[in-house]
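Asker: In terms of mature numbering (1 follows the signal peptide of the UniProt record, and there is no 0), the sequence shown is residues -22 to -1, 1 to 829.
Please find one structure pasted underneath; my questions will follow.
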Amino acid sequence: MFQHLLLPLVILAISPIPGAFEDSVLSPAQEELEDLDCGHPEPSDRIVGGSDARPRSWPWQVSLHHGGGHICGGSLIAPSWVLSAAHCFVNNRTLEPAAEWSVLLGVHSQDGTLDGVQVRAVAAILVPDNYSSAELGADLALLRLASPASLGPAVRPVCLPRASHRFAYGTACWATGWGDVQEKDPLPLPWVLQEVELRLLGEAACQCLYSRPGPFNLTFQLLPGMLCAGYPEGRRDTCQGDSGGPLVCEEGGRWFQAGITSFGFGCGRRNRPGVFTAVAPYEAWIREQVMGSESEPVFPSQSPELQSGPWELKDENCTITLPECGKAPQPGAWPWEAQVMVPGSKPCHGALVSESWVLVPASCFLDPRSTDRPPRDLDNWRVLLPSRPRPEQVARLVPHKNASWDDTSDLVLLQLRAPVNLSLGPRPVCLPHPEHYFLPGSRCRLARWGSGGPASGPTALLEAELLSGWWCHCLYGRQGALVPPPGHPPHKLCPAYREEEEENESSWSLLCQEEGTWFLAGIRDFSSGCLRPRAFHPLQTHGPWIGHVTQGAYLEDQLAWDWGSEGEETETQICPPRTEHGACGLRPEPAPMGLLWPWMAEVHVAGDRVCTGILVAPGWVLAATHCVLRPGSTTVPYIEVYLGRAGASPLPQGQQVSRLVISIRLPRHLGLRPPLALLELSSQIEPSPSALSICLHPGGIPLGASCWVLGWKDPQDRVPVAAAVSILTSRLCHCLYQGILTPGTLCVLYAEGQEDRCEVASAPLLLCQTEGGSWVFVGIAVQGSRELFATTGPEEAWLSHTVGEAHFLPPSGSPYWLPEGSNLCPLDMAGASGSSSAVLFLLLLTPLIQG
Ligand code: 4AZ
């Protein structure tokens, strides 16, 4: 065991450190120095998850000031020498000038007059030549004070370990500092020095924890000269501002500095212990720097019996600590479900986020019209938690500072009078860190939130799947808005429900699952109004506030981080135009499960015919009249419409929706049978990446658009195929089909080799994509033709009158079907339809609307 451990340390003592001592041979001068006291706090009295230190309990702790404030910690190792971390002083590979720094010794609280505190200028900062960044090791620095500190009860040096010193894994040591008490949460006034007990972790165990990737696929290679201290379950740790400070361990009544606070991944996170620069391997480097100065640090020898273990087995398996939050016996049985009962008010639903704190919407208690109404008498408030025999009492109410006017911050935290035992029933839900990225397709559920809605409801049924960030952002976002990339908090979260949501005004919170653990991902966004799918405000932006107030909420790392190509894809995406009623014509890329055409509907007529249709609004599909009505028939046949299907390939159920057609609407046509019919659906279809309305464009084809005929290769498998086409000018089209065209009919020319792509009987669709990226519906093939399309043009007024929610993009280009100046056709054109040589000839003569 011992051998295993010793090996890397020996290598490290010889190779990376310039001038390393091969062994510690005491010089006479050194023996004398042993008499200089080190590592002894005054015998009288004596960070993340830490507590206030007592004055004089860590007399070697110093505060390093730059620009008038505390930046880093350090330790006094001799009257004129302070040990700290290199990364405190190196910026962009350059060492900051020593003159800009000052060292404060004997500080307890950094607030107020600093009575009795010694302040020293820094004469020199020394950093190992091989230092480049904290993650690459050698993160230590020596500061030579311009004048020596005067030693006393509040200012004393710590002992330094020799290279041969072994700190046994599992030893309880102490880290101290004035750093943040949680990530991005500074130590509050009066800035009293914090202490925290940390256990030394074995090298293999630490490496194993850091080898597990986190968000952004982060892993980290522990290097020689580093050591880890903390707990697999996190919660106690060093944090920003503690850097450079000491990690000290007591041995035989003296305190030795085992490590220098260097870095870590976040602070207090599970499986992410703090990383320290090990001091012992740098004995030689330290001695070399201080050699010849009038005061030198003390390296007392370690008593031999302490040099033997317990040592970690090199091949020890590390156990990843699982989250302590977000575990539900089954979906819908939420052990964090809290109900706040306030006399005279409806019960308010919220979530337990730690053993003492419940998160609930502020709107349950605060009047939105008054900005700073004090909380009512809390004595009569009660909180019901699952499996608790009695209701809990409430000690404190902390509203979010924007709770009264910003509904994205409609939150209050309620502190319980007594913490609940989390091993006996109630459990907290996990909360996301700000950089959390809920993957598209994440499995989510809704949970009751606030005071609306039924007292007991079908929460377990409301299963939802998270839509891609791009899609959600663009459905609600402005044209040209940049989609937040992964790692940046999204503006909204959109779930697509598996069962369709009931129409009620209840408010919900959104819970999403990662590796079996539930996160409170969002709270209901009422501002989205009638837009669908319902959007949720992401809770991740509130993580720091909740963490700050509760000092113990279960902020949890991302557990699923296989972002695939979706993450990259979102980075550069910009939103296409959005209409009054939400987005239209958006095609998520990459398409979910091969669903390239979310507007394309399968129209099943009376069980025998199947043809294409197109969703023009959540409750309306446009189809060819010849498909839905038999000549001479006056009755409405039984028609079913399916969306979210990609041919015969089975898709997850949640992607498919079907509706019955309850009426067929036809525009008035004088004596003629109109080519297009509107099918009214039995209920609206909630937008999702697999079922979304197409855009319409006044005047037909938008300027600069590229156009496609979309149909099925054959009627059996119904796999959609698209063929690129050009649109012939109206004049040319009329000349080719003289006398047989009804108004609004348009001709296409297939790109070479694409002519036979679509099955004619299915009534293929003509779609164009605008330069802005939106897809626009232009027409449906007239019966029996692949080249002629009946457009919406002449029926625009009827369409927008019948379907108020149809999305017309702003006009661009000139209307296609307006008569053109000349009715003259080139000679012999009549009857030339289908003749490709004639068409090509005309192509040369007539400008095309580009396809
Ligand atoms: C820092 O930024 C820092 N949890 C220091 C220590 C740790 C993380 C960050 C360890 O200085």
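Here a beta-carbon is modelled for each residue, glycine too, at the ideal position from N, C-alpha and C.
Predicted model, so just to flag it, every value in this text is computed and none were measured.
What is the C-beta distance between Gly223 and Gly52, in whole angstroms, given that I count them as a contact (C-beta under 8 Å)?
Answerer: Contact between Gly223 and Gly52 is confirmed by a C-beta separation of about 7 Å, below the 8 Å threshold.
Asker: Leaving out the 5 sequence neighbours to the left and right, which residues in its chain are closer than 6 Å to Cys472 when beta-carbon positions are compared?
Answerer: Leu445, Cys450, Pro511, Ala513
Asker: Please enumerate, following chain order, all residues with a beta carbon closer than 6 Å to at least one heavy atom belonging to the ligand 4AZ.
Answerer: Asp215, Thr216, Cys217, Gln218, Asp220, Ser221, Thr239, Phe241, Gly242, Cys245, Gly252
Asker: Just the C-alpha distance for Trp686 and Pro788, rounded to the nearest angstrom, thanks.
Answerer: 21 Å
Asker: Can you look up Arg248 in the DSSP assignment and give me helix, strand or coil?
Answerer: coil
Asker: From the DSSP output, in three-state form, read off His451 for me.
Answerer: helix
Asker: When you compare only the Cα positions, how much space is there between Arg24 and Pro135?
Answerer: Here the model assigns Arg24 a pLDDT of 43, short of 50, so the residue's position is not dependable, and the following value carries that caveat. Distance between the alpha carbons of Arg24 and Pro135: 16 Å.
Asker: Could you tell me whether the Cβ atoms of Trp152 and Leu165 are closer together than 8 Å?
Answerer: With respect to Leu165, Trp152 sits apart: the two C-beta atoms are not nearer than 8 Å.
Asker: Tell me which residue opens and which closes the alpha helix (DSSP H) that Leu777 is part of.
Answerer: 774 to 780
Asker: With distance defined between alpha-carbon atoms, name the residue in Leu498, Asp503, Pro19, Phe416 nearest to Tyr454.
Answerer: Asp503
Asker: Extract the residue ranges of the beta strand (DSSP E) inside the region 733 to 776, only unbroken runs of 3 or more that lie entirely within it.
Answerer: 743 to 747, 753 to 759, 766 to 769
Asker: What residues in its chain sit with their C-beta under 6 Å from that of Asn358, if we drop five residues either side in the sequence?
Answerer: Pro321
Asker: When DSSP labels each residue in this structure, what does His327 get in the three-state scheme?
Answerer: strand
Asker: Whole angstroms is fine: what's the gap from Ala702's alpha carbon to Arg696's?
Answerer: 19 Å
Asker: In this structure, does DSSP put Pro282 in helix, strand or coil?
Answerer: Pro282: helix per DSSP, three-state reduction.
Asker: Considering only residues of the same chain and omitting the five flanking positions on each side of Ala775, which have a CB-CB separation below 7 Å?
Answerer: Excluding positions up to five away in sequence, the list is empty.
Asker: Three Cβ pairs or more, each shorter than 8 Å: is that satisfied between the region 717 to 729 and the region 636 to 645?
Answerer: no
Asker: Could you give the distance in angstroms between the alpha-carbon of Gln185 and the alpha-carbon of Ala499?
Answerer: 30 Å
Asker: Since Tyr728 is in the beta strand (DSSP E), which residue starts that stretch and which ends it?
Answerer: 723 to 728
Asker: To which residues of the same chain is Ser189 closer than 6 Å at the C-beta, ignoring the five residues directly before and after it?
Answerer: Cβ within range, chain order: Thr197.
Asker: Since Ala741 contacts Cys589 with CB under 8 Å, what's their CB separation in whole angstroms?
Answerer: 5 Å
Asker: Measure the Cβ-Cβ separation of Val60 and Val85 and say whether it is below 8 Å.
Answerer: no
Asker: How big is the Cα-Cα spacing for Gln285 and Ala146?
Answerer: 8 Å
Asker: In terms of DSSP beta bridges, what is Trp690 paired with?
Answerer: Pro698
Asker: Can you tell me which of Ala207, Gly597, Arg32, Pro309 puts its alpha carbon nearest to the alpha carbon of Leu424?
Answerer: Pro309
Asker: Among residues of its own chain, excluding the 5 on either side of Gly203, which ones have a beta-carbon nearer than 6 Å to its beta-carbon?
Answerer: Leu(-11), Gly115, Ala256, Pro259
Asker: In the DSSP assignment, what residue or residues form a beta bridge with Met578?
Answerer: Ile592
Asker: So which of Gln280, Cys673, Pro652 has the shortest CA-CA distance to Cys227?
Answerer: For Cys227, the closest of Gln280, Cys673, Pro652 by C-alpha to C-alpha distance is Gln280.
Asker: Could you give the DSSP three-state label for Pro224: helix, strand or coil?
Answerer: strand
Asker: Are at least three pairs of beta-carbons, each pair with one atom in the region 328 to 339 and one in the region 385 to 392, less than 8 Å apart?
Answerer: Three or more Cβ pairs drawn from the region 328 to 339 and the region 385 to 392 lie within less than 8 Å of each other, which places the two stretches in contact.
Asker: Rounded C-beta distance between Gly563 and Cys673? I'm assuming under 8 Å.
Answerer: 4 Å
Asker: What did DSSP end up calling Gln317 once you bin it into helix, strand or coil?
Answerer: strand
Asker: Which one of Ala64, Gln267, Leu83 has the shortest CA to CA distance from Pro75?
Answerer: Ala64
Asker: Once DSSP output is grouped into helix, strand and coil, what is the label at Ser387?
Answerer: helix
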